[in-house]
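A.B. asks: So the sequence shown is numbered by the working numbering: it starts at 7 and just counts up by one.
The structure that follows is given in the form of structure tokens.
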Amino acid sequence: MAWFVLTTGLLAAALWIPVSRLVWTLSVRRLERRAKRRLDAEEIAGQKRRAGFVAFLVVVPFAFLFNFWLLSPDA
């Protein structure tokens, strides 16, 4: 059980940075395209916080399900 939790946490941590940057980039580009202007520093910082939260919500369940599938005894 400890191995499962440890590997899930490590996988989630390893995936969090690239996923949050991808979400942030797509979000900023979408907002700039809709507003037809460059975002200011405060708006970009807000999108970065939002992207980190969204990445957490995506990465943790993915890491859990991936490890469950990979480490399940009947696989």
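Using N, Cα and C, we set each Cβ at its ideal position, and we do this for glycine too.
Given the structure is predicted, the values throughout are model-derived calculations rather than measurements.
Any chance the segment 45 to 64 sits against the segment 18 to 34, with 3 or more Cβ pairs inside 8 Å?
C.D. replies: The segment 45 to 64 is in contact with the segment 18 to 34.
A.B. asks: Distance, Cα to Cα, alanine 41 vs leucine 16?
C.D. replies: By 1-based counting over the sequence shown, the position of residue 41 is 35. By 1-based counting over the sequence shown, the position of residue 16 is 10. Distance between the alpha carbons of alanine 41 and leucine 16 is about 38 Å.
A.B. asks: Taking 6 Å as the limit between beta carbons, can you name the residues of its chain near tryptophan 22, skipping five residues before and five after?
C.D. replies: Residue 22 sits at position 16 when you count from the first residue of the sequence shown. Correct list, in chain order: Ala61, Val65.
A.B. asks: In this structure, how does DSSP classify arginine 44 when only helix, strand and coil are distinguished?
C.D. replies: In the sequence shown, the residue the question calls residue 44 occupies position 38. In the structure shown, arginine 44 sits in coil (DSSP, three-state: anything other than H, G, I, E or B).
A.B. asks: Apart from the five residues just before and just after isoleucine 50, which ones in its own chain have a Cβ nearer than 7 Å to its Cβ?
C.D. replies: Here the question's residue 50 lines up with position 44 in the sequence shown. Excluding positions up to five away in sequence, the list reads Val34.
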